[in-house]
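All the letters of the sequence shown, read from the start, carry residue numbers -29 to -1, 1 to 62 under mature numbering (1 follows the signal peptide of the UniProt record, and there is no 0). Think of the CB as a built atom: it goes at the ideal place given N, C-alpha and C, for glycine as much as any other residue. One structure below.
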Amino acid sequence: MTTRRSARRIPAIAGAAALIAIVGLSACAREEEEAPETTTTTTTTTTTTTTTTPPPAEPTEKAPRIDPGGPNPFSPDVKAPPAPTAEPGDN
């Protein structure tokens, strides 16, 4: 009877400790430090470029059409030789 209780208590205590650790770590992460104020100056320049549009791309996938009653065009052409059979009683 005691082993059943301790078998249930140990995972419960470990889970509670993990939950407390997660809450504690998330509480520490919420504190934010204020960054010092800095001033920056930026200079922007504009340039104009002309671009030409390329011709539309052609489809690269040239899969054969699949007919419902036809053969499967994706099956290999080479057939594997059949598996050798053993003599009865020879394992």
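Item	Value
A(-23) versus C(-2): straight-line alpha-carbon distance, rounded	33 Å
V49 (DSSP reduced to helix, strand or coil)	coil
Three-state class that DSSP yields for T13 in the structure shown	coil
Rounded straight-line distance, which links the Cα of K50 to that of G40	21 Å
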